[in-house]
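K.L.:
Let me begin by handing over the structure; questions about it come next.
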Amino acid sequence: MSQQVQGVIARAKGEPVRVETIVVPDPGPGEAVVKVQACGVCHTDLHYREGGINDEFPFLLGHEAAGVVESVGEGVTEVAPGDFVILNWRAVCGQCRACRRGRPWYCFATHNAKQRMTLLDGTELSPALGIGAFAEKTLVAAGQCTKVDPAASPAAAGLLGCGVMAGLGAAINTGAVGRGDSVAVIGCGGVGGAAIAGSRLAGAGRIIAVDIDDRKLELARGLGATHTVNSRQADAVEAIRELTDGFGADVVIDAVGRPETYRQAFYARDLAGTVVLVGVPTPEMQLELPLLDVFGRGGALKSSWYGDCLPSRDFPLLIDLYRQGRLDLDAFVTETIPLDGVEQAFARMHGGDVLRSVVVF
Numbered sequence: 001m002s003q004q005v006q007g008v009i010a011r012a013k014g015e016p017v018r019v020e021t022i023v024v025p026d027p028g029p030g031e032a033v034v035k036v037q038a039c040g041v042c043h044t045d046l047h048y049r050e051g052g053i054n055d056e057f058p059f060l061l062g063h064e065a066a067g068v069v070e071s072v073g074e075g076v077t078e079v080a081p082g083d084f085v086i087l088n089w090r091a092v093c094g095q096c097r098a099c100r101r102g103r104p105w106y107c108f109a110t111h112n113a114k115q116r117m118t119l120l121d122g123t124e125l126s127p128a129l130g131i132g133a134f135a136e137k138t139l140v141a142a143g144q145c146t147k148v149d150p151a152a153s154p155a156a157a158g159l160l161g162c163g164v165m166a167g168l169g170a171a172i173n174t175g176a177v178g179r180g181d182s183v184a185v186i187g188c189g190g191v192g193g194a195a196i197a198g199s200r201l202a203g204a205g206r207i208i209a210v211d212i213d214d215r216k217l218e219l220a221r222g223l224g225a226t227h228t229v230n231s232r233q234a235d236a237v238e239a240i241r242e243l244t245d246g247f248g249a250d251v252v253i254d255a256v257g258r259p260e261t262y263r264q265a266f267y268a269r270d271l272a273g274t275v276v277l278v279g280v281p282t283p284e285m286q287l288e289l290p291l292l293d294v295f296g297r298g299g300a301l302k303s304s305w306y307g308d309c310l311p312s313r314d315f316p317l318l319i320d321l322y323r324q325g326r327l328d329l330d331a332f333v334t335e336t337i338p339l340d341g342v343e344q345a346f347a348r349m350h351g352g353d354v355l356r357s358v359v360v361f
């Protein structure tokens, strides 16, 4: 029997979001209904509201979430009612060419629930990243549920569902940061901060945080940065080189995703170093680099999709590290807010005052 719950809806481009009643159907084959306990407010949700992803309004926003499985549909074996799970937006298919080659973190055919949640009048909703978790309950594909230790704080655990995993994975998975490596992270919001935390976790020797906001640089120190650079006051490339004996960093992570910051990352890396792009560009952005420099500097230029994570592998491991006190996920939770506080959280996001606002039910 379908259920009626409250959820945050974006009805049109640029309009303030509002809490409305939505209808959640019973799970069909391969699906699960999850009672959401916490959901982070991510920049991607704001992009949806602004029409920056697509124009399939109305959207049910929210995707960085953790909660408890309430019910499952036919054929579901991955999770069962009562399991504490983190939701992910890359449920791997197991059949595409990436999965068959043993690289499921690149799965090219990830899937979502087949049924749609709706408004009371039957209007179908587009769930953000196939999740839609600014809601008391949500319907997802069972493969989007990753079971983890239920002792973890839902507010902290849910952040692995997107931004924090993207940053941690950009350092550990994509950048392959190793013991003693030098790392520079450009942009120290939630994703960049997580890249710093991931670099520390991987044993990096020197971790350089770059931002234009001293408040974010101070937070970066708390997450593991050994040095900070305010790029309003100093040339970021020169500063990174000075801090790495004139060579540049082994790995430079661009957590902003602009042509200007990518060029900084490119020239701030050591010869044969690695650049990782994890910040998301907008469609109109263009990049120009001298091709001879691309050739002559060697190394690798990589893009990081969701931190190149495999949720079934990475989420339980990271939650275990969190429970052991080795990964401070709580540090990313700046504030907890009610469901009707999402619009105000978007405004604070613009002001740079928070790493993450988290809706707690």
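Quick note on numbering: the sequence shown equals residues 1 to 361 in UniProt numbering. In this text, a Cβ means the ideal position worked out from N, Cα and C, and glycines have one as well. Computed from a predicted model, the values in this text were never measured in an experiment.
Could you tell me if residue 182 is buried or exposed, where buried requires 16 or more neighbouring beta carbons within 10 angstroms of its beta carbon?
P.N.:
If you number the sequence shown from 1, residue 182 lands on position 182. So residue 182 counts as buried.
K.L.:
What is the residue span of the alpha helix (DSSP H) that residue 44 lies within?
P.N.:
Mapped onto the sequence shown, residue 44 falls at position 44. Its alpha helix (DSSP H) spans residues 43-49.
K.L.:
Within 8 Å, do at least three Cβ pairs link the region 330-337 to the region 301-312?
P.N.:
no
K.L.:
Would residue 191 be called buried (16 or more neighbouring beta carbons within 10 Å of its own) or exposed?
P.N.:
The residue labelled residue 191 in the question sits at position 191 within the sequence shown. By the 10 Å Cβ count, residue 191 comes out buried.
K.L.:
Is the Cβ-Cβ distance between residue 17 and residue 62 less than 8 Å?
P.N.:
On the sequence shown, residue 17 is found 17 positions in, with the first residue counted as 1. On the sequence shown, residue 62 is found 62 positions in, with the first residue counted as 1. No, the Cβ-Cβ distance between residue 17 and residue 62 is not below 8 Å.
K.L.:
Taking Cβ to Cβ, would you say residue 358 is nearer than 8 Å to residue 96?
P.N.:
Taking the sequence shown and counting its residues from 1, the one referred to as residue 358 is at position 358. Taking the sequence shown and counting its residues from 1, the one referred to as residue 96 is at position 96. It is not a contact, given that the beta carbons lie outside the stated cut-off.
K.L.:
Using the Cα positions of residue 57 and residue 119, report the straight-line distance between them to the nearest angstrom.
P.N.:
As a first step, residue 57 is located in the sequence shown; it is residue number 57 there, counting from the start. As a first step, residue 119 is located in the sequence shown; it is residue number 119 there, counting from the start. Rounded to whole angstroms, the gap between the alpha carbons of residue 57 and residue 119 is 12 Å.
K.L.:
Quick one: residues in its chain with C-beta nearer than 8 Å to the C-beta of residue 202, no 5 flanking neighbours on either side, listed in chain order?
P.N.:
Position 202 of the sequence shown, counting from 1, holds the residue named residue 202. Excluding sequence neighbours, residue 202 sits near 171, 172, 177, 178, 179 and 181.
K.L.:
According to DSSP, is residue 111 part of a helix, a strand, or is it coil?
P.N.:
Against the sequence shown, residue 111 aligns to sequence position 111. Note: residue 111 maps to strand in three-state DSSP.
K.L.:
In or out: residue 124 buried (at least 16 other Cβ within 10 Å) or exposed?
P.N.:
Taking the first residue of the sequence shown as position 1, residue 124 is located at position 124. Residue 124 is exposed by the Cβ-count criterion.
K.L.:
Let's test the definition: count the other Cβ atoms within 10 Å of the Cβ of residue 232 and tell me whether it reaches 16, buried, or not, exposed.
P.N.:
Stepping through the sequence shown from its first residue, residue 232 is reached at position 232. It is exposed - the Cβ of residue 232 has fewer than 16 other Cβ atoms within 10 Å.
K.L.:
What three-state label does DSSP hand residue 173 in the structure shown?
P.N.:
For this step, residue 173 is matched to residue 173 along the sequence shown. If DSSP states are grouped into helix, strand and coil, residue 173 belongs with the helices.
K.L.:
So, is residue 298 buried or exposed, given that buried needs 16 or more other C-beta atoms within 10 angstroms?
P.N.:
As a first step, residue 298 is located in the sequence shown; it is residue number 298 there, counting from the start. Exposed, since its Cβ has fewer than 16 Cβ neighbours within 10 Å.
K.L.:
Okay, do the region 63-71 and the region 156-163 touch, 3+ Cβ pairs below 8 Å being the bar?
P.N.:
yes
K.L.:
How about residue 252 and residue 280: are their beta carbons less than 8 Å apart?
P.N.:
Numbered from 1 along the sequence shown, position 252 holds the residue referred to as residue 252. Numbered from 1 along the sequence shown, position 280 holds the residue referred to as residue 280. Taking a C-beta distance under 8 Å as the contact criterion, residue 252 and residue 280 do not qualify as a contact pair.
K.L.:
Does DSSP put residue 20 in a helix, a strand or coil?
P.N.:
Residue 20 sits at position 20 when you count from the first residue of the sequence shown. In the structure shown, residue 20 adopts extended strand secondary structure according to DSSP, grouped into three states.
K.L.:
Roughly how many angstroms separate the alpha carbons of residue 121 and residue 174, rounded to a whole number?
P.N.:
The residue you call residue 121 lines up with position 121 of the sequence shown. The residue you call residue 174 lines up with position 174 of the sequence shown. About 44 Å.
K.L.:
How big is the Cα-Cα spacing for residue 30 and residue 320?
P.N.:
Here residue 30 corresponds to residue number 30 of the sequence shown, with the count starting at 1. Here residue 320 corresponds to residue number 320 of the sequence shown, with the count starting at 1. Residue 30 and residue 320 have their alpha carbons spaced roughly 27 Å apart.
K.L.:
Go ahead and label residue 361 buried or exposed: buried means 16 or more other beta carbons lie within 10 angstroms of its beta carbon, across all protein chains shown.
P.N.:
As a position in the sequence shown, residue 361 is number 361, starting the count at 1. Result: buried.
K.L.:
Go ahead and label residue 347 buried or exposed: buried means 16 or more other beta carbons lie within 10 angstroms of its beta carbon, across all protein chains shown.
P.N.:
Residue mapping note: residue 347 aligns to position 347 of the sequence shown, counting from 1. So residue 347 counts as exposed.
K.L.:
What is the rounded straight-line gap between the Cα of residue 259 and the Cα of residue 285?
P.N.:
Translated into positions along the sequence shown, residue 259 becomes position 259. Translated into positions along the sequence shown, residue 285 becomes position 285. Roughly 7 Å separates the two Cα atoms.
K.L.:
Please determine, among 49, 2, 43 and 5, the residue with the shortest C-alpha to C-alpha distance to residue 417.
P.N.:
The structure shown has nothing for residue 417, since the chain only spans 1 to 361.
K.L.:
Tell me, please, which residues DSSP counts as bridged to residue 230.
P.N.:
Locating residue 230 in the sequence shown gives position 230, where the first residue counts as 1. Answer is 211, bridged to residue 230.
K.L.:
Looking at the secondary structure, which residues open and close the alpha helix (DSSP H) in which residue 263 lies?
P.N.:
Within the sequence shown, residue 263 is the residue found at index 263, counting from 1. Its alpha helix (DSSP H) spans residues 259-268.
K.L.:
Sort 19, 81 and 36 by Cα distance to residue 59 and report the nearest one.
P.N.:
Taking the first residue of the sequence shown as 1, we reach residue 59 at position 59. Of the candidates 19, 81 and 36, the one whose C-alpha sits nearest the C-alpha of residue 59 is 19.
K.L.:
Between 168, 82, 256 and 355, which lies nearest to residue 277 when the distance is taken from Cα to Cα?
P.N.:
Within the sequence shown, residue 277 is the residue found at index 277, counting from 1. Residue 277 has its Cα closest to that of 256, out of 168, 82, 256 and 355.
K.L.:
Roughly how far, in whole angstroms, is the beta-carbon of residue 152 from the beta-carbon of residue 323, given that I think they are within contact range, below 8 Å?
P.N.:
Translated into positions along the sequence shown, residue 152 becomes position 152. Translated into positions along the sequence shown, residue 323 becomes position 323. The pair is a contact, with the Cβ atoms about 6 Å apart (cut-off 8 Å).
K.L.:
So what's residue 295 in DSSP terms, helix, strand or just coil?
P.N.:
Residue numbering aside, residue 295 sits at position 295 when the sequence shown is read from its first letter. Three-state result, residue 295: helix.
K.L.:
Of the residues 104, 46 and 113, which one's Cα is nearest the Cα of residue 74?
P.N.:
To locate residue 74, count along the sequence shown from 1; it is residue 74. Checked all of 104, 46 and 113; the closest Cα to residue 74 is 113.
K.L.:
Could you spell out the range, first to last residue, of the alpha helix (DSSP H) harbouring residue 312?
P.N.:
Locating residue 312 in the sequence shown gives position 312, counting from the first residue. Unbroken alpha helix (DSSP H) run through residue 312: 311-323.
K.L.:
Determine the closest residue to residue 354 out of 3, 23, 133 and 213, with distance taken between C-alpha atoms.
P.N.:
Residue mapping note: residue 354 aligns to position 354 of the sequence shown, counting from 1. Answer by Cα proximity: 213.
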